[in-house]
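Note sheet for the following structure.
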Amino acid sequence: MKRIALLGMPNTGKSTLFNRMTGGAARVGNWPGITVELLSGKILLGGDMVEIIDLPGIYDLHGFSDDEQVVRHFLHDNVPDLALVILNTTQIERQMSLLLQLKQLNMNIVVILNMADEAKKFGIGVDAEKMSELLEMPIFLLSAKYGGGYPEALQAVTKALRYPTPGMAEQLRSQLEQDEHIETEMARVLKHTVQVPARLSDSLTEKLDSLILHPWLGLPIFFAVMYLLFQGIFIFGQPIQGGIAAAFTWLRETALVPLLASLPQALQGLLLDGIYNGLATVAAFVPIIVLFFLFMAIVEDSGYLSRAAFLMDALMARLGLDGRGFVMLLMGFGCNVPALMGTRVMRSRAMRLLTMLVIPLSLCSARLQVFIFFSAALFSPKAAPIVLFSLYLFSFATAIITALIFKNRFKNTEPFVLELPPYRFPTLRQMALRGWLEVRHFLRRATKFIVAGVVMVWLLTHLPPSAAPASADTLSGMIGGALQPFFAPLGINEQLTIALIFGFIAKEIVIGALAVIYSLSGDALGNAIGQQLDWVQAYSFMLFTLLYTPCLATVATLQSESKQLKFTALSLGWSLGLAWLISFAFYQGARALGY
Amino acid sequence: MSATTLAALHPGDIATIVSIHAEEALHLRLLALGFRSGKQIELIRKASFSGPLQVRVGTTDVMLRRVEAAKIEVQKP
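Sequences listed follow chains A and B, in order.
The first sequence begins at 3 in the working numbering and counts up by one.
The second sequence begins at 220 in the working numbering and counts up by one.
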């Protein structure tokens, strides 16, 4: 099959064009010679199936950033039959350098001058025909967002694919010396083909920036935007999540339970409470992930995310992170899973890993449910909000401490120079496609892992079959008993330890697990726990719940995004260790003070 | 005419890039973003709390930290 590689600088609309060409039917795949996964899609072009690969955006073919190395290795090990080079027409005067570097590799090239609509608005004039003649390759003006000029470009691509690929220079690095020649060539071509007005007339972006990046108003506006985003995701997301949960219960009660009634009790439990519940757990994340990426597409494609980076950089630079990391950290307070997936906007791997290490410490909405239950059971209505607030403070503090401790281990070596693109309206199509692709990615990567985990915890809490579920006689009870030497110094008793084992799946089921363990529910459960524990024990339990392994879905996402078992293990080990240390310090400290 | 660095400019100042004294990775990135000696550069704004700078080179708006901006020598008209 012939192969087309999409190449271009960041912010050229490369991915938009890729989505337009493949219609969103892309898949993630591994390629020889490189460690990251790339999106690719197969389409029918001129009667043949052709594979299109979306390479990461790069500034320079000779650069040192992670993405630039990926592209270099890709081109070296998987020579494409055609390089489709996408340039942002509004920035043609500097982006042409990449095109000329690629031209030196002697590849089959078709050039797309994208964002032709925007360039026209700015008064930038390009003579594509003349440029085509001077550079000796087909060049087309196009708007990937709205599709203008698309059929002609596709035709040229089909035609160019008919010719065999010329050879490619073996050693890309040796070409570096020729860069001086590029400068003069670039000046020559631009002089004959491009007119740029002395001053750009994008007054809308300038006006918006003077408000959004205002020295005093910028930060309050940023926090207001974040708050709206956060509320938006959960106000829309929670009813849908509830609906999905109800649908799963309905299907279970009306169809699956009668259907499986003839099976032995233990097998029924495994199928329904193990596998089926595992699938329901996975499904519960779907609406949150779709909504998160719908909103993220707006924030990112509109250009606001780079502005957020500008506003928050002063603080985040000290933590070894950048402003985009802060946005993801904040979103983690809703749900860690999409926040971890969202770190993909950070192109430096070291900085991305550091951000991913910090996000699981954000107090997500699932953990909040546990805390609301416990603070209602153990504290007066007056004290409960203060307890909740203090837990948020702990969440922030541990995130900052973690970043400070690990920032030298995950040192960002890429230059921090970000483009601030003009504000743009993302199209509905772009937003929907993003949500859909991300959910599919999550389902493919995480489903098996999460279902396996849920089944494992079910087995632990139901074996041997003679024991009452989740009681001290089950495997989980035995583990809880064996772990008592570790948990007793934290004031966490055996029943709560079993609940923590359940909490490894998802924090949403901790209260449900306690109901099974105590054979009580609702207020009665609250009263029983309130009588058994004092507030120091309860707070210690909440601190542990806040900091240890967030949930199976988070672990699955950490692994699928980092693709590094060592990193996932570090994240798990660190959060467990931190949870133990902080609970221990709190519990023993409070007891020593006489509480 | 006075020589200074990009970090020392004030919002609204327009200057000409004289030279870039950065390590190779940063240098390549700046070149690709259109930073070249002889080019005009405008400082649009500075973020509060010693945050980054927003500058305009040609048709591109770029943010960079003050440490990096100090490596770019400019000349004010």
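Even for Gly, the Cβ is constructed at its ideal location relative to N, Cα and C.
Note down the Cα distance separating residue i from residue j, rounded to an integer number of angstroms.
i              : j              : result
H194 (chain A) : S269 (chain B) : 43 Å
W438 (chain A) : A299 (chain A) : 12 Å
S67 (chain A)  : V419 (chain A) : 12 Å
R446 (chain A) : A587 (chain A) : 41 Å
S397 (chain A) : A454 (chain A) : 29 Å
R431 (chain A) : D525 (chain A) : 47 Å
L178 (chain A) : G239 (chain A) : For L178 (chain A), the predicted structure reports a pLDDT of 47, less than 50, and the residue's modelled location is therefore unreliable. A value from the coordinates is still provided. For L178 (chain A) and G239 (chain A), the distance between alpha carbons rounds to 51 Å.
V284 (chain A) : T449 (chain A) : 6 Å
G25 (chain A)  : H464 (chain A) : 47 Å
H157 (chain A) : E563 (chain A) : It should be pointed out that residue 157 (chain A) corresponds to Gln in this sequence rather than to His. Straight-line Cα distance between these residues: approximately 37 Å.
H246 (chain B) : P222 (chain A) : 35 Å
L57 (chain A)  : P12 (chain A)  : 10 Å
V281 (chain B) : L249 (chain B) : 10 Å
F287 (chain A) : G336 (chain A) : 12 Å
S256 (chain B) : T235 (chain B) : 8 Å
P217 (chain A) : F312 (chain A) : 11 Å
I374 (chain A) : K290 (chain B) : 52 Å
L359 (chain A) : G15 (chain A)  : 30 Å
V286 (chain B) : F444 (chain A) : 39 Å
N279 (chain A) : F250 (chain A) : 9 Å
Q566 (chain A) : F451 (chain A) : 15 Å
F77 (chain A)  : V339 (chain A) : For clarity, residue 77 (chain A) is Leu in the given sequence; the question names Phe instead. Approximately 33 Å, taken between the alpha carbons.
V191 (chain A) : V441 (chain A) : 44 Å
A251 (chain B) : E53 (chain A)  : 29 Å
Determine whether the Cβ of residue i lies closer than 8 Å to any Cβ atom of chain A.
i              : result
T235 (chain B) : no
A227 (chain B) : no
Q315 (chain B) : Limits of chain B in this structure are 220 at one end and 296 at the other, which puts residue 315 (chain B) out of reach.
M262 (chain B) : Note that residue 262 (chain B) is Leu in the sequence shown here, rather than Met. No, its Cβ sits nowhere closer than 8 Å to a Cβ of chain A.
P168 (chain B) : Residue 168 (chain B) cannot be examined here, being either before or after the span of chain B that is shown, 220 to 296.
A222 (chain B) : no
Does the beta carbon of residue i come closer than 8 Å to any beta carbon on chain B?
i              : result
A282 (chain A) : no
H75 (chain A)  : no
E179 (chain A) : Reliability fails at E179 (chain A), whose pLDDT of 48 lies under 50, so the model's placement of it is uncertain and the value that follows must be treated cautiously. Answer no: the Cβ-Cβ gap between E179 (chain A) and chain B never drops below 8 Å.
V191 (chain A) : no
V198 (chain A) : yes
Y425 (chain A) : no
D62 (chain A)  : yes
S99 (chain A)  : yes
F398 (chain A) : no
G579 (chain A) : no
R351 (chain A) : no
R96 (chain A)  : yes
State the start and end residues of the unbroken alpha helix (DSSP H) segment that holds residue i.
i              : result
T24 (chain A)  : K16 to T24
F236 (chain A) : G220 to L253
D56 (chain A)  : Per DSSP, D56 (chain A) belongs to no alpha helix (DSSP H); it is in the beta strand (DSSP E), D50 to D56.
S256 (chain B) : Careful: S256 (chain B) lies outside any alpha helix (DSSP H) and carries neither H nor E.
F606 (chain A) : The structure shown has nothing for residue 606 (chain A), since chain A only spans 3 to 597.
T556 (chain A) : L554 to S564
S573 (chain A) : L567 to A594
S221 (chain B) : Premise fails: S221 (chain B) lies in the beta strand (DSSP E), S221 to T224, not in any alpha helix (DSSP H).
Which stretch, first to last residue, makes up the beta strand (DSSP E) that contains residue i?
i              : result
G231 (chain B) : Careful: G231 (chain B) lies outside any beta strand (DSSP E) and carries neither H nor E.
A85 (chain A)  : L84 to N90
S468 (chain A) : Premise fails: S468 (chain A) is in no beta strand (DSSP E) and is neither H nor E.
M282 (chain B) : T279 to L283
E292 (chain B) : I291 to K295
N116 (chain A) : I111 to N116
What residues from chain B crowd round residue i, counting only those whose CB sits closer than 9 Å?
i              : result
E421 (chain A) : L252, T279, D280, V281 and M282
G327 (chain A) : By Cβ distance, chain B contributes nothing, its closest Cβ being about 15 Å from G327 (chain A), past 9 Å.
What in chain A is Cβ-close to residue i, meaning under 9 Å?
i              : result
E287 (chain B) : P417, F418 and V419
S267 (chain B) : P217, W218, G220, L221, L313 and A316
Say whether chain D places a C-beta atom closer than 8 Å to the C-beta of residue i.
i              : result
G270 (chain B) : In the structure shown, chain D does not exist; the protein chains are A and B.
Under 7 Å Cβ-Cβ, which residues of chain B neighbour residue i?
i              : result
Q93 (chain A)  : T278 and T279
F412 (chain A) : By Cβ distance, chain B contributes nothing, its closest Cβ being about 17 Å from F412 (chain A), past 7 Å.
A319 (chain A) : R284
Chain B partners of residue i, CB-CB under 8 Å?
i             : result
F66 (chain A) : E243, A244 and L247
Taking contact to mean at least 3 C-beta pairs separated by less than 8 Å, is the segment 409 to 416 of chain A in contact with the segment 319 to 332 of chain A?
-> yes
Between the segment 37 to 44 of chain A and the segment 102 to 121 of chain A, are three or more C-beta pairs nearer than 8 Å?
-> no
The segment 351 to 370 of chain A / the segment 570 to 582 of chain A touching (three or more Cβ pairs under 8 Å) | yes
State whether the segment 303 to 319 of chain A contacts the segment 524 to 538 of chain A, with contact taken as three or more CB pairs (one from each stretch) at a distance under 8 Å.
-> no
Is the segment 341 to 353 of chain A touching the segment 512 to 523 of chain A in the sense that three or more CB pairs, one from each, lie closer than 8 Å?
-> no
Tell me, please, whether the segment 258 to 272 of chain B touches the segment 82 to 98 of chain A by the rule of three or more beta-carbon pairs shorter than 8 Å.
-> no
Cβ pair count under 8 Å reaching 3, the segment 505 to 518 of chain A against the segment 537 to 556 of chain A = yes
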